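Here is the structure we will look at, set down as structure tokens.
Chains as they are written, first to last, in our numbering: chain A, 277 to 678; chain B, 117 to 413.
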């Protein structure tokens, strides 16, 4: 399919070699890895290899610290609920206001069940206040769960530092690293991170497979009980083909780590600078000096994100938006709101997320198209005058709010 | 991505009547910046005839907000103010060949802008009469505030009540957890505890006072009242049989095999439940399916 795919934080293309590595395991080596016969044995060996490939990318000390799951969300739920079950007398959780719904919605649900959840706030660049965090690290806390990189802005959190602080206070630390794995170097054996979630489809493996890293010795209670798969820590027949695909994808991510942090980063920077140079009243959100190399989130004031996406789509360009309308909810992105981005800009945020498949020509094309689209929509906007924002937009347009 | 109709896309990509209208004498500004929509409707009204000679709009909003604004201006041009006031949000949605349930508020905003503009022309003050909440029931586009207010006003205490009063939850039933949460909250306000197991059987136990013949005739009358809507979409419905609480129907024409068939049937079922005052189930007749299959051979 032709088109420019700049939505790699949503999901990625499965690498051709990954697909090729998976195919024999559908029809030729289809055995159950738990079986005694050779049909199963070969699959078991392939899973072992995949486990080591994941271990390598994460810098984990032991391959038995890798637990395969069905997705990032399952890994997050397993990690947090395990920590709560393992420490039943502790009734508090620390997380942040800008986590992915996989963590936030679970925490909100746990609040209804009587847990006290501390949501760390962020500043206007999406950064945490570690002093506030330090004060919350008390013996009542069962688990800390903080994302490694934010999916919308790409802003990186100092999770290694935060894990050390939690460790010193005797609190297990979990990180949702779904966006970070494969894009930034990770070395878990030299960290105090106890649990980490990753998702295959964010790094060119298929959808429907994830990993929970569980440091050896961390007390654990499974989410799914049943067979002995994953050493009894995650029952259910292994998604063998996808796990094998994920293994190779991790090996490839390792090989492309430098490319990701040089060439992909250069293209991202060119894209962002190119757009901001041409479009007035637009700005990059998040902590731009400390973020994923592939992500740029730009707020276009006085226009709405879904309208921008529809027009981009007309030009064959795929991106995503923090606008309320793209999700069917009433509020714009909780990440933008947490950073205090005003509504008129928060609704107009567009996230471009590149990958190692992105090209210079694609970046040039998007730089060319975006200013036209923004101008076209601003012409329709009651907040925009002839050449710039209506003077004192609040007074020029003061609707009766529904 | 939203499943927008071609008409919505067309009005979004090439909006009619956008921009500032010089000499406008009726201006309505409405919006909900939280939800990312704001609309200014500008009209030029003939002071003799009160007819709308020209209409233009400016919109900050998503694709369907812009398309709804464009559609609104097309609909009302040439109308008298009184005629224009009769334009409902459903008319705007119909003009665009429908809007996704999450997007119906865009058409509501169009109607409100119109009311605001007319009030502005007549020197009246227009007040928005509703607040909008998070969408709960996606099948029938019903939001949390409407459910909350209905539960409060009618002392409702079960999900079944909510379905009967608002239709919310009467479709795919995925939102029942959310409805239970609303019930828990509102019932707590009046000092009660929500009990999910207190099944309300009143309606089912109450025997129908009509004779069989009266009841079937009543069902036919109700279907008759729905028929024009279906026919407008080039479909139709026919009553096949009534067996106790199960009503067998045949979906005909565009309705048969339509992706929305299940939703349509749910809507018809809700209407029948409402009008008959008893719980009934609407089932597509299998005989009908066979007949259809035979036609295709």
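Glycine included, every Cβ here is placed at the ideal spot set by N, Cα and C.
Just so we're clear, the structure is a prediction, and the values are computed from it rather than from any experiment.
Could you name each continuous alpha helix (DSSP H) segment of 4 residues or more that falls completely within the stretch 238-325 of chain B, going from the start of the chain to the end? Runs found: 260-270, 275-282, 292-305 and 318-321.
For a cutoff of 8 Å on Cβ pairs, would you count residue 579(A) as touching chain B? At least one chain B Cβ lies under 8 Å of residue 579(A).
For a contact defined as C-beta to C-beta under 7 Å, what are the partners of residue 623(A) on chain B? Chain order gives the chain B residues near residue 623(A) as 152, where near means a beta carbon separation below 7 Å.
In the DSSP output, what is residue 625(A) paired with across the bridge? Partner(s): 575(A).
Looking at the unbroken alpha helix (DSSP H) that takes in residue 129(B), where does it start and where does it end? In the DSSP assignment, residue 129(B) falls within the alpha helix (DSSP H) that extends over 122-129.
Going by DSSP, which residues form a beta bridge with residue 567(A)? Beta-bridge analysis with DSSP links residue 567(A) to 431(A).
Does the stretch 161-177 of chain B come within contact of the stretch 567-575 of chain A, defined as at least 3 CB pairs closer than 8 Å? Segments in contact, no.
Contacting positions in the stretch 249-278 of chain B - beta carbon closer than 7 Å to chain A: Against chain A - using a Cβ distance shorter than 7 Å - the residues of the stretch 249-278 of chain B are 250 and 251.
Could you tell me if residue 304(B) is buried or exposed, where buried requires 16 or more neighbouring beta carbons within 10 angstroms of its beta carbon? With fewer than 16 other Cβ atoms inside 10 Å of its own Cβ, residue 304(B) counts as exposed.
Given a cut-off of 8 Å on the beta-carbon distance, is the pair residue 330(A) and residue 522(A) in contact? A contact, by the Cβ cut-off of 8 Å.
For a quick check, are the C-beta atoms of residue 581(A) and residue 625(A) less than 8 Å apart? Contact: yes.
For residue 384(A), would you say it is in contact with chain E, using Cβ-to-Cβ distances shorter than 8 Å as the test? Of the chains in the structure shown, none is chain E; the protein chains are A and B.
Beta-carbon spacing of residue 460(A), residue 432(A) below 8 Å: Pairing residue 460(A) with residue 432(A) gives a Cβ-Cβ distance under 8 Å.
Does DSSP put residue 596(A) in a helix, a strand or coil? In the three-state reduction of the DSSP assignment, residue 596(A) falls in the strand class.
State whether the stretch 173-184 of chain B contacts the stretch 582-600 of chain A, with contact taken as three or more CB pairs (one from each stretch) at a distance under 8 Å. Contact between the stretch 173-184 of chain B and the stretch 582-600 of chain A is present, because at least three Cβ pairs lie under 8 Å.
Where the stretch 153-179 of chain B meets chain A: residues whose CB sits under 9 Å from a CB there: Within the stretch 153-179 of chain B, the qualifying residues are 153, 154, 155, 156, 173, 174, 175, 176, 177, 178 and 179.
Examine the Cβ distances between the stretch 372-381 of chain A and the stretch 344-363 of chain A and report whether three or more of them are shorter than 8 Å. Counting C-beta pairs closer than 8 Å gives three or more between the stretch 372-381 of chain A and the stretch 344-363 of chain A, which meets the contact rule.
Skipping 5 residues on each side, what residues in its chain have a beta carbon closer than 6 Å to that of residue 298(A)? Cβ neighbours of residue 298(A) beyond the five flanking positions: 517, 520 and 521.
Taking all protein chains shown into account, do 16 or more other C-beta atoms lie within 10 angstroms of the C-beta of residue 219(B), making it buried, or fewer, making it exposed? Using a 10 angstroms sphere on the CB of residue 219(B), the tally of other CB atoms reaches 16 or more, which defines it as buried.
Kindly indicate if chain A contains any beta-carbon less than 8 Å away from that of residue 135(B). Yes, residue 135(B) counts as interfacial toward chain A.
To the nearest angstrom, how far is it from the Cα of residue 563(A) to the Cα of residue 542(A)? So the alpha carbons of these two residues sit roughly 17 Å apart.
Considering only their Cβ atoms, is the gap separating residue 286(B) from residue 382(B) smaller than 8 Å? Inclusion of residue 382(B) and residue 286(B) in the CB contact set at 8 Å is warranted, their separation being smaller than that value.
Kindly indicate if chain B contains any beta-carbon less than 8 Å away from that of residue 657(A). For residue 657(A), a Cβ of chain B is located within less than 8 Å of the residue's own Cβ.
Reduced DSSP secondary structure (H/G/I, E/B, other) of residue 350(B): Coil, per DSSP.
Which listed residue (349(B), 153(B) and 123(B)) has its alpha carbon closest to that of residue 657(A): Measuring C-alpha to C-alpha distances from residue 657(A) to each of 349(B), 153(B) and 123(B) identifies 153(B) as the nearest.
Which of helix, strand or coil DSSP assigns to residue 282(A): Looking at residue 282(A) - three-state DSSP - the assignment turns out to be coil, as it is neither helix nor strand.
Restricting to Cα atoms, I'd like to know which of 366(B), 295(B) and 325(B) is closest to residue 393(B). With distances taken between Cα atoms, residue 393(B) lies closest to 325(B).
For residue 631(A), decide whether its Cβ has a neighbour in chain B, counting only Cβ atoms nearer than 8 Å. No, because no Cβ of chain B sits closer than 8 Å to the Cβ of residue 631(A).
Does the stretch 404-421 of chain A touch the stretch 433-450 of chain A, meaning 3 or more C-beta pairs lie closer than 8 Å? Yes, the stretch 433-450 of chain A is in contact with the stretch 404-421 of chain A.
Beta carbon of residue 200(B): closer than 7 Å to some heavy atom of the ligand ATP? With respect to the ligand ATP, the structure offers nothing, as it holds no ligand at all.
Mind checking which residues open and close the alpha helix (DSSP H) that includes residue 360(A)? 348-362 is the extent of the alpha helix (DSSP H) around residue 360(A).
Hey, residue 185(B) and residue 230(B): beta-carbon distance below 8 Å or not? In terms of Cβ geometry, residue 185(B) and residue 230(B) do not form a close pair [threshold 8 Å].
From residue 284(A) to residue 502(A), what does the alpha carbon distance come to, in whole angstroms? For residue 284(A) and residue 502(A), the distance between alpha carbons rounds to 35 Å.
Does the stretch 520-539 of chain A come into contact with the stretch 471-481 of chain A, if we say contact requires no fewer than three beta-carbon pairs (one atom in each stretch) closer than 8 Å? In short, these stretches touch, since the Cβ pair count reaches three.
Taking the continuous alpha helix (DSSP H) assigned at residue 295(A), which residues delimit it? It spans 292-298 - the alpha helix (DSSP H) in which residue 295(A) sits, taken as one unbroken run.
First through last residue of the beta strand (DSSP E) which encompasses residue 189(B): Where residue 189(B) is concerned, there is no enclosing beta strand (DSSP E), although the alpha helix (DSSP H) it sits in stretches over 179-192.
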